[in-house]
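To start, the structure under review is shown below, and the notes come after it.
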Amino acid sequence: MSPRRPRAVPVGTLLLVLLLLGVVACGPPDESSGPSGQRDSDAAAGQSEDDGDDAYVPPPAALPEATDVPELRQYVALGDSYTAGPNIPPVDNASEGCFRSSANYPSLVAGAVEPAQFVDRSCGGATTQNMTSEQRTITGQVPPQFSALTEGTDLVTIGLGGNDFNLFGTLIGYCPTLRREDPQGAPCRKALRTSEGEDGLAMRLPELTDRLVGVVEGVRERSPDARILLVGYPEIIPERGTCPDLLPLARRDYRYADKIADGLNEAVADAAEAADVTLIDVAEVSAGHDICGDEPWVNGQVPATDAQLYHPFPVHQETVARMIVEELST
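Just so we're aligned, residue 190 is where the sequence shown starts under the working numbering, counting upward by one.
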C-alpha cells in the first residue's frame with residue numbers, strides 16, 4: 190500500500206474536481222438523454238473554427254518522432270478530463286475552463302506524428318452530449334467538440350464516457366459521503382439500488398455503449414476519411430484492498446466501485462467493437478497502477494503539482510500517447 194498521506198484540501202479545489210468530473214450535484218446518476226449522430230445548430234457546419242490555436246505547436250515533453258506514421262493533414266482530439274490532463278504542467282490557460290495540459294496525450298501524440306494541423310478540444314467535465322452541444326465550464330462556454338472536425342480530418346482520438354450518467358461523479362463525489370453510515374459495508378451500492386432492485390449505475394452502461402457508437406458515427410459523418418481511435422480509461426479502483434486515506438469509500442464499496450469502473454471500460458470496448466474502430470485498451474496496461482497502488486497512474490485525494498485530485502498523473506498520459514503512436518505505426 191502506498192505511504193502517501195493526504196493533506197487538507199481547499200474547498201475550492203474540491204469544487205473544481207467535481208466540475209471536471211461532470212458533477213452538477215453530488216447524487217445518483219443523472220437521467221439526461223444521450224447525443225445522436227445528427228448535427229445540431231451549433232455544430233451543423235461540421236467545420237473547424239478559424240482560430241489561432243489550431244496551428245501545430247510541439248509540446249514541451251515530446252515523444253520520439255514517429256517516422257513510420259503516414260503523413261496526417263489534421264488530428265482532432267475529443268474527450269473529457271482524462272484526456273485533457275488537468276494540473277499536468279504546463280496547463281493551457283487559454284483553454285476556456287477546460288484545464289487542458291499542453292503535455293496531455295493528444296499533445297504528445299501530435300509531437301510525435303507531426304500533423305499539418307492539430308486541434309485539441311478535450312475538456313474537463315465533457316460528456317458525449319458535448320460533442321454536438323456547447324459545454325458550460327467554470328469560465329463560460331465552449332463550442333461543441335465536433336465543431337473542430339472537417340472533411341479533411343484524418344485522425345480522431347476519442348476519450349469519453351466517464352461523465353455520462355454522472356458515473357465518475359457518483360463514485361468519487363457521492364459514494365464517499367455515505368462512508369460514515371456503514372464504514373465496513375457497502376452503503377453506496379445499497380443507495381444506488383432502484384425500487385426494482387436493479388443497480389442504478391450498472392443498468393446505464395449498455396446505453397453508454399450506444400452513446401459512444403453514436404459519437405463514432407457522428408465523427409464519420411463529418412470526417413469520412415478519418416482514422417478513429419477510442420481510448421479507454423486506466424484502472425482507477427483496486428481489485429483488492431482499500432486505501433481510505435486516498436479514496437474514502439466504505440470497505441465493501443471498493444468492490445462495487447471497481448465493478449462499475451470495469452463496466453465503464455467494457456462499455457467503451459463494446460462500442461469500439463460495434464463501431465468497428467480501434468480500442469486503445471488502457472485498463473489492461475495500467476493494472477496495478479490504481480489510486481491505491483505503490484506506483485499509481487491516477488491521483489487520489491492528495492494535492493499534487495502534477496495531477497488534479499482523482500485524475501491522471503503524467504505517466505498515464507505518456508503511456509497512452511505511446512500506445513496511440515504504436516497503433517498508428519502498424
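Note that CB positions come from ideal geometry on N, CA and C, so glycine has one too.
Asked: Within 8 Å, strictly: CB atoms of glutamate 285 and threonine 326; Found: yes
Asked: Status (buried if at least 16 other CB within 10 Å, exposed otherwise) for glutamine 318; Found: buried
Asked: Close-in-space but distant-in-sequence residues of the same chain around alanine 234 (CB under 6 Å, 5 per side omitted); Found: For alanine 234, the pLDDT reaches just 36, beneath the cut-off of 50, and the residue's location in the model is therefore unreliable, although a value from the coordinates is still provided. Closer than 6 Å at the Cβ level, and outside the excluded window around alanine 234, lies no residue.
Asked: Alpha helix (DSSP H) segment containing glycine 300, residue limits; Found: 294-302
Asked: Nearest-angstrom Cβ-Cβ length linking threonine 435 and cysteine 481, presumed shorter than 8 Å; Found: Contrary to the premise, residue 435 reads as leucine rather than threonine in this sequence. Going by Cβ atoms, the distance from leucine 435 to cysteine 481 rounds to 6 Å, so yes, they are a contact pair.
Asked: Own chain, CB closer than 6 Å to arginine 441, minus 5 neighbours either side, in chain order; Found: Gly374, Ala375
Asked: Nearest-angstrom beta carbon gap, asparagine 276 and histidine 185 [assumed within contact, 8 Å]; Found: Residue 185 falls outside the range modelled here, since the chain spans only 190 to 519, and no answer is possible.
Asked: Anticipated Cβ contact below 8 Å, leucine 252 with glycine 300, distance rounded; Found: 6 Å
Asked: Where the alpha helix (DSSP H) containing tyrosine 271 begins and where it ends; Found: 270-273
Asked: Cβ pair threonine 316, asparagine 282 closer than 8 Å; Found: no
Asked: Counted within 10 angstroms of its Cβ, other Cβ atoms place alanine 305 as buried (16 or more) or exposed; Found: exposed
Asked: Residue interval of the beta strand (DSSP E) (run including glycine 329); Found: 329-331
Asked: Local conformation of serine 290 per DSSP, three classes; Found: strand
Asked: Inter-residue spacing [alpha-carbon to alpha-carbon] between proline 279 and threonine 272; Found: 14 Å
Asked: Unbroken alpha helix (DSSP H) run spanning isoleucine 469, endpoints; Found: Note, isoleucine 469: premise wrong, no alpha helix (DSSP H); beta strand (DSSP E) at 467-469.
Asked: Cα-Cα separation, glycine 348 to valine 420; Found: 5 Å
Asked: Minimum C-alpha distance to threonine 256 - residue among Cys287, Val298, Ala292, Asn488; Found: Val298
Asked: For isoleucine 426, the three-state DSSP class (helix, strand or coil); Found: coil
Asked: Proximity below 8 Å, CB of serine 270 to CB of glycine 341; Found: no
Asked: Exposure of proline 423, with buried meaning 16 or more beta-carbon neighbours within 10 Å; Found: buried
Asked: Threonine 398 (DSSP reduced to helix, strand or coil); Found: helix
Asked: Residue of Arg416, Ser412, Arg400 minimising C-alpha distance to alanine 458; Found: Arg400
Asked: Segment limits, alpha helix (DSSP H) that includes valine 509; Found: 503-517
Asked: Residue environment, alanine 460, which counts as buried when at least 16 other CB atoms sit within 10 Å; Found: buried
Asked: Ordered list of alpha helix (DSSP H) runs contained in the stretch 339-417, each at least 4 residues; Found: 376-380, 394-411
Asked: DSSP bridge partner residues for alanine 439 (one or two, in chain order); Found: Its beta-bridge partners do not exist; DSSP assigns none.
Asked: Identity of the residues DSSP links to glutamine 324 by a beta bridge; Found: Val331
Asked: Rounded C-alpha distance that separates alanine 214 from glutamine 330; Found: Residue placement at alanine 214 cannot be trusted, given a pLDDT of 38 that sits under 50; the coordinates are not used to answer.
Asked: Under the three-state DSSP convention, the category tyrosine 445 falls into; Found: helix
Asked: Cysteine 432 to threonine 359 span [Cα, whole Å]; Found: 18 Å
Asked: Length of the line joining the Cα atoms of alanine 439 and glutamate 484; Found: 23 Å
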